[in-house]
Amino acid sequence: MGDASILHMPTTLIFGGNGKTARQLTAILRDADTPHTIFSVIRNPEQVPDLEAIGAKPIVQDISTASEVDFIKIIEGTRPDVVVWAAGGKDPKSAEAVDRDGAIRAMDALAKANVVAKRYIVVSALDVRDRDSKPVPDWYTEADEKLSDRMWGIIGPILRAKLAADTELRVGNAARKLSYTIVRPGGLTEGPSTGKARAGKVGTVGMIPREDVAKVVYAAIQNEQTYGLAFDVLGPNDDSPTIKEAVSQVAKHHEDTFEGYY
18 MGDASILHMP TTLIFGGNGK TARQLTAILR DADTPHTIFS VIRNPEQVPD LEAIGAKPIV
78 QDISTASEVD FIKIIEGTRP DVVVWAAGGK DPKSAEAVDR DGAIRAMDAL AKANVVAKRY
138 IVVSALDVRD RDSKPVPDWY TEADEKLSDR MWGIIGPILR AKLAADTELR VGNAARKLSY
198 TIVRPGGLTE GPSTGKARAG KVGTVGMIPR EDVAKVVYAA IQNEQTYGLA FDVLGPNDDS
258 PTIKEAVSQV AKHHEDTFEG YY
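If you use my numbering, the sequence shown corresponds to residues 18 to 279, in order.
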């Protein structure tokens, strides 16, 4: 029995594998106590050597044009224990194709694929919400509201695309039956990991290193209490807990920052 558990290497499939946060996650999964086999879906074949160099097995597929059948083939071909959606568009047109339509096709594909594991983690964004018909979150300060207005003024189309996909993930999950988690990081930096974070109802003001976002995703992978949960995450204050503890606390208290705002 011990030999069987030793032989099992978990498999993670990352969509958007060439992104900076996805690369950080790849390194974390590669170096974990129980290393993962990592399949990384990328658009550009020129990126293959770089992804192989950090331990991923690249799959070249443009997810902005991939059909649901294409997604199913990738999922059934890799048989992942975990699927991570870390893809994102850079402009309004690509946001609709990737953040909205691609993400929805991926979740549909995982639901329909002939695989046992249905674990799905989305790297979304803080403040993704219905600003037209829902109230401002009651934990936002005046500074949080001002930053929210500014962010939506700059990247509104991208946030709207993510809102459509995240809403579909939640409202459609009675049929899909995915064990999903939505991680919603704030402003991203290239700085070194702090190893700590604020998670849950943290407002909008603050930044977080990409490496720490990847660590949050890894903590969510390991924590079944995050199933069905969407939570915000920012870099630490002076008294913030470790990332693992921050995720554990927000999961334990089911501090969902998307419910009621879509």
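Beta carbons are placed, not taken as given, at the ideal position from N, Cα and C, and that holds for glycine.
Nearest candidate by alpha-carbon position, reference residue i, set the options
{"i": "I330", "options": "A70, D98, L30", "result": "Only positions 18 to 279 of the chain appear in the structure, and residue 330 is not among them; the question remains open."}
{"i": "R227", "options": "V100, P27, R40, I138", "result": "R40"}
{"i": "P97", "options": "A134, V115, A49", "result": "A134"}
{"i": "D60", "options": "L251, D48, S84, N35", "result": "The question names Asp, but residue 60 in the sequence shown is Arg. For the residues L251, D48, S84, N35, the minimum Cα distance to R60 belongs to N35."}
{"i": "R117", "options": "A181, T221, G173", "result": "A181"}
{"i": "A128", "options": "V86, P109, D149, R201", "result": "V86"}
{"i": "F275", "options": "K218, P258, G33", "result": "K218"}
{"i": "I167", "options": "S141, T184, G204", "result": "Sequence inspection shows Arg at residue 167; the Ile mentioned does not correspond to that position. Of the candidates S141, T184, G204, the one whose C-alpha sits nearest the C-alpha of R167 is G204."}
{"i": "K290", "options": "I260, E207, M224, D149", "result": "It is not possible to answer for residue 290, since the shown part of the chain is limited to 18 through 279."}
{"i": "T28", "options": "I238, V188, G170, V99", "result": "V99"}
{"i": "K37", "options": "V230, L251, V250, D249", "result": "V230"}
{"i": "T206", "options": "T198, G189, M224", "result": "M224"}
{"i": "A49", "options": "D183, I238, K74, E69", "result": "I238"}
{"i": "T184", "options": "I172, H25, T198", "result": "T198"}
{"i": "H271", "options": "D249, S257, D256, P258", "result": "D249"}
One or two residues paired with residue i in a DSSP bridge
{"i": "R201", "result": "D249"}
{"i": "P265", "result": "The residue you asked about is not Pro; residue 265 is Ser in the sequence shown. DSSP, once it has assigned bridges, lists no residue as partnering S265."}
{"i": "S57", "result": "I31, P75"}
{"i": "S196", "result": "R136"}
{"i": "R259", "result": "A quick correction: the sequence has Thr, not Arg, at residue 259. Beta-bridge pairing links T259 to K213."}
Proximal residues to residue i (C-beta, below 7 Å), its chain only, five neighbours per side dropped
{"i": "Y278", "result": "R146, D147, K151, P154"}
{"i": "V132", "result": "I92, E93, R96"}
{"i": "P109", "result": "P174"}
{"i": "A268", "result": "N240, Q242, T243, L246"}
{"i": "V234", "result": "L42, V101, I138, V140, V200"}
{"i": "L164", "result": "T221, V222"}
{"i": "P62", "result": "V77"}
{"i": "S111", "result": "S81"}
6 Å Cβ shell around residue i - same chain, five flanking residues per side excluded
{"i": "D273", "result": "L246, A247"}
{"i": "M18", "result": "Here M18 scores only 41 on pLDDT, less than 50, and its place in the model is too uncertain to base an answer on."}
{"i": "A263", "result": "A214, A216"}
{"i": "G33", "result": "A39, A103, A104"}
{"i": "Q64", "result": "N35"}
{"i": "A114", "result": "S81"}
{"i": "A130", "result": "I89, I92, E93"}
{"i": "R136", "result": "V99, S196"}
Contacts around residue i, its chain only, beta-carbon distance under 8 Å, and the 5 residues preceding and following it disregarded
{"i": "P209", "result": "P226, E228"}
{"i": "I23", "result": "Unreliable positioning characterises I23 in this predicted model, as indicated by a pLDDT of 49, which lies under 50. A coordinate reading is not provided."}
{"i": "N254", "result": "R215"}
{"i": "A21", "result": "For A21, the predicted model reports a pLDDT of 44, less than 50, meaning its position is unreliable; a value from the coordinates is still stated below. Closer than 8 Å at Cβ, skipping near neighbours: no residue."}
{"i": "I71", "result": "R40, T43, A44, R47"}
{"i": "S265", "result": "A236, N240, Q242"}
* **Segments of 3+ residues assigned as beta strand (DSSP E) that fall wholly inside the segment 93 to 161** => 99 to 102, 136 to 140
* With contact counted as at least three CB pairs below 8 Å, one residue from each stretch, are the segment 187 to 195 and the segment 205 to 214 in contact? -> no
* Are the segment 121 to 129 and the segment 149 to 159 in contact at 8 Å, needing three or more beta carbon pairs? -> no
* Asked: Is the segment 177 to 190 close to the segment 145 to 153, with three or more CB pairs under 8 Å?
  -> yes
* Three or more C-beta pairs below 8 Å linking the segment 233 to 246 and the segment 56 to 73 -> no
* At which residue ranges does the segment 68 to 97 contain complete beta strand (DSSP E) runs of 3 or more residues, listed in the order of the chain? -> 73 to 77
* Asked: Contact between the segment 103 to 122 and the segment 76 to 95: three or more CB pairs below 8 Å?
  -> yes
* Taking the runs of the beta strand (DSSP E) that are 3 residues or longer, which of them lie wholly in the segment 204 to 228? -> 204 to 206, 224 to 226
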